[in-house]
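Novice: There's a structure below that I have some questions on.
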Amino acid sequence: DVKVTQSSRYLVKRTGEKVFLECVQDMDHENMFWYRQDPGLGLRLIYFSYDVKMKEKGDIPEGYSVSREKKERFSLILESASTNQTSMYLCASSLLRDGGEKLFFGSGTQLSVL
Amino acid sequence: AQTVTQSQPEMSVQEAETVTLSCTYDTSESDYYLFWYKQPPSRQMILVIRQEAYKQQNATENRFSVNFQKAAKSFSLKISDSQLGDAAMYFCAYRIQGAQKLVFGQGTRLTINP
């Protein structure tokens with residue numbers, strides 16, 4: 038079974054803190070994604086990566102950065118957390134093939150910024 | 061920009077009945093994929109069904125089927141013989157052929173009444 042593991046299920050941070058959200062997948066997938074999920078807005082793409090050290094901005098990259106030093110790991114960084122970044126963060130991975138392959142998701146990190 | 065719209069924030073159905081969740085999308089592309097994902101309370105996103113736009117035949121997966129109307133840009137999900145385990149958030153998603161990222165709708169929360 039493909040497994041996408043997010044390091045924390047719940048996280049509470051203070052405004053201005055630097056926050057790291059970690060995601061690891063074990064199926065040698067090329068693509069990795071960070072989505073943010075908010076009620077009424079669905080999932081919105083923050084960043085994605087299709088290879089080591091490669092990254093592309095999604096729809097809402099402001100206030101976030103990412104790091105992909107190894108194929109299996111994709112980190113989301115909030116340089117200076119703000120209250121409007123309180124949200125559910127979902128990591129996902131997929132193969133690079135263009136056959137409509139599905140995304141495999143982690144169980145999400147519920148981040149609260151106080 | 062591609063958008064996906066789910067106009068029903070919440071739906072409910074009696075156990076064993078049939079329910080249809082609506083999804084419309086906006087695109088100028090001709091080759092793309094459409095997906096329905098389920099997110100139960102565990103938060104783990106699960107692929108329910110996918111449809112290739114070039115296929116006229118509607119996809120089916122056991123009790124789940126879609127009504128794909130390409131000209132109308134509509135992609136509804138029908139769940140037959142609803143079961144308590146079907147209770148979840150359901151997200152419609154879209155991906156252009158050649159692109160790696162998915163665009164998601166706002167989600168529909170489905171409640172199953174025993």
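Line by line, the protein sequences give chains A and B.
The numbering used here numbers the first residue of the first sequence as 38 and each following residue consecutively.
The numbering used here numbers the first residue of the second sequence as 61 and each following residue consecutively.
Ideal Cβ placement from N, Cα and C applies to all residues, glycine included.
1) Taking the Cβ atom as the reference point for each residue, do alanine 76 of chain B and serine 136 of chain B lie within a distance shorter than 8 Å?
2) With 8 Å set as the bound, which would you pick, yes or no: does the beta-carbon of leucine 82 of chain A sit closer than that to a beta-carbon of chain B?
3) Report back the beta-carbon spacing between asparagine 68 of chain A and glutamine 62 of chain B to the nearest angstrom; my notes put them in contact at under 8 Å.
4) Counting only Cβ pairs nearer than 8 Å, list the residues of chain A close to phenylalanine 151 of chain B.
5) Residues in the same chain with beta-carbon distance under 8 Å from glutamate 109 of chain A, minus the five sequence neighbours each way, listed in chain order, please.
6) With a threshold of 8 Å, are at least 3 pairs of Cβ atoms found where one atom belongs to the segment 43–59 of chain A and the other to the segment 108–123 of chain A?
7) Since arginine 110 of chain B sits in a beta bridge, which residues does DSSP pair it with?
8) Can you give me the C-alpha to C-alpha distance between cysteine 128 of chain A and tyrosine 72 of chain A, rounded to a whole angstrom?
9) Along chain B, which residues have their Cβ under 9 Å away from the Cβ of tyrosine 87 of chain A?
10) What three-state label does DSSP hand asparagine 122 of chain B in the structure shown?
11) Starting from cysteine 83 of chain B, follow the beta strand (DSSP E) in both directions and report where the run begins and ends.
Specialist: Reading it off the structure:
1) Residue 76 of chain B sits at position 16 when you count from the first residue of the second sequence. Residue 136 of chain B sits at position 76 when you count from the first residue of the second sequence. No, the pair does not count as a contact, with Cβ atoms beyond the cut-off.
2) Counting from 1 along the first sequence, the entry for residue 82 of chain A is found at position 45. Closer than 8 Å: yes.
3) On the first sequence, residue 68 of chain A is found 31 positions in, with the first residue counted as 1. On the second sequence, residue 62 of chain B is found 2 positions in, with the first residue counted as 1. That pair is no contact at about 18 Å.
4) On the second sequence, position 91 is the one that residue 151 of chain B refers to. Result: Gly79 and Leu80.
5) Reading the first sequence from its first residue, position 72 is the one you call residue 109 of chain A. Closer than 8 Å at Cβ, skipping near neighbours: Val61, Gln62, Asp63 and Asp65.
6) The segment 43–59 of chain A, when compared against the segment 108–123 of chain A, does touch it at the 8 Å Cβ threshold.
7) Position 50 of the second sequence, counted from the first residue, corresponds to residue 110 of chain B. DSSP, once it has assigned bridges, lists B:Phe95 as partnering arginine 110 of chain B.
8) In the first sequence, residue 128 of chain A corresponds to position 91, counting from 1. In the first sequence, residue 72 of chain A corresponds to position 35, counting from 1. The straight-line gap from Cα to Cα measures roughly 6 Å.
9) Numbered from its first residue, the first sequence carries residue 87 of chain A at position 50. In chain order: Gln160.
10) Stepping through the second sequence from its first residue, residue 122 of chain B is reached at position 62. Assignment of asparagine 122 of chain B by DSSP, reduced to helix, strand and coil, places it in the coil class.
11) Against the second sequence, residue 83 of chain B aligns to sequence position 23. Note, cysteine 83 of chain B: premise wrong, no beta strand (DSSP E); not H, not E.
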